[in-house]
Every structure is written in C-alpha cells, then in structure tokens.
C-alpha cells in the first residue's frame, strides 16, 4: 500500500507544482499516510459493501431494500453473503486493514 500512496503523492506533487503550489505545504507524504490510516475504515467498509453489490444481480440492485420481506430477495442476499467470492474478497480486505493498522 505504501507503494501506491507514494505513487499517488508523486503524481499529486507533480500537478501541484504545475499549478504553482508547494505540495509539501498542501499535503506532505506523512500527512497523506496518516490520513489514509485515520479514514481507511470508511474505505474498508465501502469496499466490503461494494463487493456485495457487485455480486447482486442487476435487477436486485435496482430495487435494493435491506428491509425487504421478499423471500427470494433474502435468499439472494444470503447466497451472496455465504459465497466463496464474497467471503474471500472480504477476508482480503480485512487482512489488508489489519496489516496497515486500520483495524
């Protein structure tokens, strides 16, 4: 992850320089990394939620309702939550979060 944050910061710094600003005053690398850890939990949560929606059939996404009493819809939700794809991706996201001190 550090490699991606470094790459992002390098790109940001280049554009800030082009615009006549001092990137180290606007967003030093250490602040970027600190903020990433501070606010990363929201990204982790959204990442897991997005995997759920990615695996949900398109027609179900368009009519999504967490509180639906529709048994077919509830079965679809349970299948996704128990699927290897959802569980594997969720596990990878959580491992990443632990490795980088987010949780």
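Residue numbers (this note's numbering): 1165 to 1267.
Cβ atoms here follow ideal geometry from the backbone N, Cα and C, with glycine treated the same way.
query = With C-beta atoms as the reference, is residue 1265 less than 8 Å away from residue 1197?
reply = Not a contact, by the Cβ cut-off of 8 Å.
task = Give me the Cβ distance between residue 1219 and residue 1249, rounded to the nearest whole Å; I'm assuming they're in contact under 8 Å.
result = About 6 Å separates the two Cβ atoms, so the contact holds.
task = State the DSSP-derived secondary structure class of residue 1265, mapped to helix, strand or coil.
result = Note: residue 1265 maps to coil in three-state DSSP.
request  = Would you check if there are 3 or more beta carbon pairs closer than 8 Å linking the region 1211-1226 to the region 1237-1244?
outcome  = Yes, they touch.
ask   = Three-state secondary structure (DSSP) at residue 1185?
value = Three-state DSSP puts residue 1185 in coil, outside helix and strand.
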